[in-house]
Every structure is written in structure tokens, then in C-alpha cells.
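Chains B and W supply the protein sequences, listed in that same order.
Per the working numbering, residue 1 is the first one in the first sequence, and the count goes up by one each step.
Per the working numbering, residue 1 is the first one in the second sequence, and the count goes up by one each step.
Beta carbons are placed, not taken as given, at the ideal position from N, Cα and C, and that holds for glycine.
2 protein chains.
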Amino acid sequence: MALSHAILVSLLDRPRSGYELGKRFEKTLGFFWKASHQQIYQQLHKMSDSGWVKGETVEQSERPNRIVYNITKAGRDVVDEWVATPTDPPSVKEELLVKLYALGDVDRATLVAELRRRLAFHQDRLVLYQAIMSEYYADLSVLTDQQQGRYLGLRLGILSEQASIVWAGEAVELVGARV
Amino acid sequence: MALSHAILVSLLDRPRSGYELGKRFEKTLGFFWKASHQQIYQQLHKMSDSGWVKGETVEQSERPNRIVYNITKAGRDVVDEWVATPTDPPSVKEELLVKLYALGDVDRATLVAELRRRLAFHQDRLVLYQAIMSEYYADLSVLTDQQQGRYLGLRLGILSEQASIVWAGEAVELVGARV
DNA sequence: AGGCTCATGTAAACGGTTACATGATTAC
DNA sequence: GTAATCATGTAACCGTTTACATGAGCCT
Numbered sequence: 001m002a003l004s005h006a007i008l009v010s011l012l013d014r015p016r017s018g019y020e021l022g023k024r025f026e027k028t029l030g031f032f033w034k035a036s037h038q039q040i041y042q043q044l045h046k047m048s049d050s051g052w053v054k055g056e057t058v059e060q061s062e063r064p065n066r067i068v069y070n071i072t073k074a075g076r077d078v079v080d081e082w083v084a085t086p087t088d089p090p091s092v093k094e095e096l097l098v099k100l101y102a103l104g105d106v107d108r109a110t111l112v113a114e115l116r117r118r119l120a121f122h123q124d125r126l127v128l129y130q131a132i133m134s135e136y137y138a139d140l141s142v143l144t145d146q147q148q149g150r151y152l153g154l155r156l157g158i159l160s161e162q163a164s165i166v167w168a169g170e171a172v173e174l175v176g177a178r179v
Numbered sequence: 001m002a003l004s005h006a007i008l009v010s011l012l013d014r015p016r017s018g019y020e021l022g023k024r025f026e027k028t029l030g031f032f033w034k035a036s037h038q039q040i041y042q043q044l045h046k047m048s049d050s051g052w053v054k055g056e057t058v059e060q061s062e063r064p065n066r067i068v069y070n071i072t073k074a075g076r077d078v079v080d081e082w083v084a085t086p087t088d089p090p091s092v093k094e095e096l097l098v099k100l101y102a103l104g105d106v107d108r109a110t111l112v113a114e115l116r117r118r119l120a121f122h123q124d125r126l127v128l129y130q131a132i133m134s135e136y137y138a139d140l141s142v143l144t145d146q147q148q149g150r151y152l153g154l155r156l157g158i159l160s161e162q163a164s165i166v167w168a169g170e171a172v173e174l175v176g177a178r179v
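Below is the structure:
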């Protein structure tokens with residue numbers, strides 16, 4: 001149970017259709033929780049069966065009908081219960097570090113190229129996050145409660161990207177020096 | 001295909017039994033790739049069917065027999081092919097950030113407590129990583145190729161923990177101030 | 001007597017990814 | 001004409017987690 005919670009959290013803002021949720025997961029929430037549209041539609045059916053959300057079909061001419069989901073009282077309770085249970089530290093899956101673990105036995109030049117790509121990726125991410133930061137969260141003293149939480153997501157993103165950039169720079173130097 | 005690669009990488013060092021691999025995944029490799037013993041045993045059977053590894057039963061008196069796995073030529077080829085294919089950036093699953101995303105609608109005090117626990121967790125981790133660093137990687141100029149890769153894993157660990165500590169400190173301040 | 005370490009496994013359930021499927025409208 | 005956007009779904013597969021299972025030896 002995890003994607004369901006992220007969906008419920010998004011529905012706390014306002015009712016949304018599966019499609020809108022998908023869009024949402026491509027931005028904002030998607031930076032710390034990935035989900036594909038197939039996954040979202042399947043989850044919505046399950047959650048509807050469990051009574052956590054309720055879908056209403058909105059007839060549309062010239063477009064496919066939309067099914068807009070509302071969070072129910074039962075869904076609201078699930079959120080509260082979930083928030084009250086301790087969060088596990090994020091489980092790490094760093095494939096690149098597994099490759100580096102084998103550095104003594106594999107081709108170094110390939111890994112240097114990978115590390116350079118990683119460096120560029122994190123630099124792009126940092127620029128993106130900083131742009132969002134200065135557009136929406138320039139003045140920290142006027143944030144609503146809701147904005148405060150989202151600011152913290154962004155803030156961790158920025159700190160993490162900075163750390164990754166430092167690391168990738170060092171790694172390129174170190175691994176590249178012996179190629 | 002992912003855990004199988006981590007297992008192969010560990011077998012490059014030397015042959016190991018499922019049990020030994022499990023121990024291994026609790027430390028070193030496990031910092032960037034988690035695996036339970038059930039998962040490892042199942043993977044080993046599959047990999048054995050595919051011919052990537054070969055198990056040999058070692059009879060033991062007064063202890064259960066061990067099945068020690070060697071990497072085969074085919075397994076070695078799988079590693080090389082895997083190293084040559086680009087690595088996806090790690091997929092993020094940060095449950096705590098999803099909770100913070102709902103900060104406008106849920107109990108703040110609970111989240112402050114969570115954040116404090118997080119801070120402590122990352123501080124402990126940092127101490128642990130720094131201890132390993134000064135024990136095994138004190139002098140960077142004398143590292144073997146193999147050690148270099150493992151040093152980089154540790155280095156990213158340290159930088160990440162430092163970033164998380166800064167973040168968690170700020171988060172406790174910010175969220176705690178309005179409770 | 002109770003719990004830990006060594007050592008291996010099966011089975012069920014759950015979660016996530018990939019492929020396939022449809023069909024209209026709008027923008028270049 | 002081609003691609004993107006809007007809008008929803010099914011099916012198969014793979015990977016992961018949780019629960020259950022066994023059994024000897026060692027330490028307190």
C-alpha cells in the first residue's frame with residue numbers, strides 16, 4: 001500500500017480523474033513517487049471497490065467521458081491512519097553503484113561515460129528545481145501550511161542534486177584518471 | 001533483471017553460498033541494493049537454470065550442507081553486457097515526502113516526530129559510514145581499482161547523509177515552528 | 001528454557017512494468 | 001499526413017514482500 005496513499009493525498013487537494021492524476025504524477029508528486037497511467041487506473045478501481053474513493057462519470061461531448069474521483073470519509077480515515085504509522089527510510093536501489101562495485105572487473109571507460117551522463121542529469125535537475133523554487137517559493141515567510149510541505153520536497157530535491165553533482169564530479173575525476 | 005546482477009557482481013569477488021550472499025547484502029552492497037534471503041535463494045535457482053552460475057554442494061558435518069555458487073562464463077558475459085547498457089537514474093520512492101505533501105491536511109505534530117526520527121537515522125548512518133571510511137579508505141592514493149569503486153559508493157553515502165541531515169534539520173524547524 | 005546463528009527452502013499475495021487496444025480532436 | 005493530447009482500459013509477466021517451514025548446535 002503506497003501508490004494508493006499518494007493518490008489519496010492528491011485527491012485531498014480536489015477531485016481528479018485518472019488522467020489528471022497521471023499528469024500530476026509527471027510533475028510535483030512524481031518527483032518523489034513515480035506512477036504510470038496503467039497503474040493509476042488499476043489502483044483507482046481497487047480503491048473504489050474498497051470504498052476509499054467514489055467515481056462520478058462526467059459526460060463530455062467531443063471528448064471521451066471522464067470519471068472524476070472524490071475521496072470518501074473512509075479514504076480520509078485511511079490517510080490519517082497511514083500518516084500516524086512510522087515511515088520506513090527509503091529503500092535504496094542504486095544500480096550505478098552496483099556497477100561501480102564491480103569496477104575492478106569491468107570496463108572503466110564505459111563507467112566514466114555513465115558518470116558523465118549522470119553528472120549532466122543531476123545538473124539539469126538542479127536547474128529545474130531552482131526555477132520552480134524561485135517561481136513559487138521565493139518568499140518563505142508567506143507560505144501556507146500546504147505550500148510548506150511542498151517546499152520541503154523541493155528543498156530536499158535541491159540538496160540531493162547538489163550532493164549528487166559533487167559526487168559525480170569527483171567520480172569522473174577518480175575513475176577517469178586511470179582509463 | 002537487477003538483483004541477479006548484484007549477485008553476479010558479488011560472485012565476481014569469489015564463490016559464495018546463498019547464506020553468505022545474504023550476509024553480504026546486509027552490509028556493503030546492501031547499502032545500495034537491498035535483498036532478503038528468500039529473494040536471493042529464488043534468484044540463485046533461476047540463475048542456475050539459465051546457466052549464469054553453478055552450484056556445488058559442500059557436505060558439512062554438524063551443520064547443514066552449503067551450496068556454493070560460482071559464476072560461469074555465461075554469467076560473466078551477462079555482467080559485461082549489463083555494464084555496457086546505460087543505467088536509468090534511480091527511481092525515487094520517498095514516502096515521507098508524500099506525507100509532507102499532505103501537510104495542509106494532516107496532523108503536524110506526528111510529522112515533526114517523524115522528521116526527528118529521520119534526522120537521528122541519518123546522523124547514525126553518517127557516523128557509521130565515516131567509521132568505515134577511516135578504517136578502510138583513509139589513504140586514497142593507494143586504492144586498488146576494486147577499492148576505488150567501493151570507495152565511491154561510500155563517498156556518495158556520506159554526501160547523501162550530510163544533505164539529508166541538513167534537510168531534516170531545516171524541516172524540523174519549519175514544521176515544528178507552527179505546531 | 002529461550003534465543004541466536006547457521007543453512008535452506010516453498011507459497012501466496014502484492015506491486016510494478018511492458019505490451020496491446022481504441023478512438024476522436026487539435027496543432028504543425 | 002503525422003504527431004500530440006485527451007481519455008480509458010486489459011493482460012501477461014516479472015520482481016518483491018510476507019508468511020510459513022525445518023532443524024541442529026551454541027550460548028546465557
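Asked: Residue range of the unbroken alpha helix (DSSP H) whose run includes W:Y151; Found: 145 to 176
Asked: Touch test, the segment 100 to 113 of chain W against the segment 146 to 159 of chain B, Cβ-Cβ under 8 Å, three pairs minimum; Found: yes
Asked: Residue-level contact to chain B via CB, W:V83, 7 Å cutoff; Found: yes
Asked: Beta-carbon gap between B:L96 and W:T87 smaller than 7 Å; Found: yes
Asked: Inter-residue CB distance, W:V172 and B:Q148 (contact presumed, cutoff 8 Å); Found: Not confirmed; about 13 Å, so no contact.
Asked: CB contact below 7 Å: W:Y101 versus chain B; Found: yes
Asked: Cβ of W:G22 within 7 Å of any chain B Cβ; Found: no
Asked: Contact the segment 118 to 137 of chain W vs the segment 46 to 65 of chain B: 3+ CB pairs below 8 Å; Found: no
Asked: Minimum C-alpha distance to B:V142 - residue among W:R178, W:G51, W:R16, W:E94; Found: W:R178
Asked: Below-7 Å beta-carbon distance, B:S50 vs any chain W residue; Found: no
Asked: Three-state secondary structure (DSSP) of B:E59; Found: coil
Asked: Distance between W:Q146 and W:I132 (C-alpha atoms, nearest Å); Found: 16 Å
Asked: Meets three-Cβ-pair contact criterion under 8 Å: the segment 48 to 59 of chain B and the segment 71 to 83 of chain B; Found: yes
Asked: Contacts that B:S134 makes with chain W (C-beta to C-beta distance below 9 Å); Found: What B:S134 touches in chain W: nothing, since even the nearest Cβ is about 18 Å away.
Asked: Beta strand (DSSP E) runs wholly inside the segment 19 to 81 of chain W, at least 3 long, in chain order; Found: 53 to 58, 66 to 71
Asked: Nearest neighbour of B:E170, chosen from B:F31, B:R116, B:E135 [CA to CA]; Found: B:R116
Asked: Interfacial residues, the segment 112 to 126 of chain B to chain W, with Cβ spacing under 8 Å; Found: E114, R117, R118, F121
Asked: B:S4: contacting residues in chain W (beta-carbon distance under 9 Å); Found: By Cβ distance, chain W contributes nothing, its closest Cβ being about 11 Å from B:S4, past 9 Å.
Asked: Bridge-paired residues (DSSP) for B:L16; Found: Note on residue identity: the sequence assigns Arg, not Leu, to residue 16 of chain B. B:R16 pairs with B:Y69.
Asked: Cβ separation of B:A163 and W:A163, assumed to be a contact under 8 Å, to the nearest whole Å; Found: 4 Å
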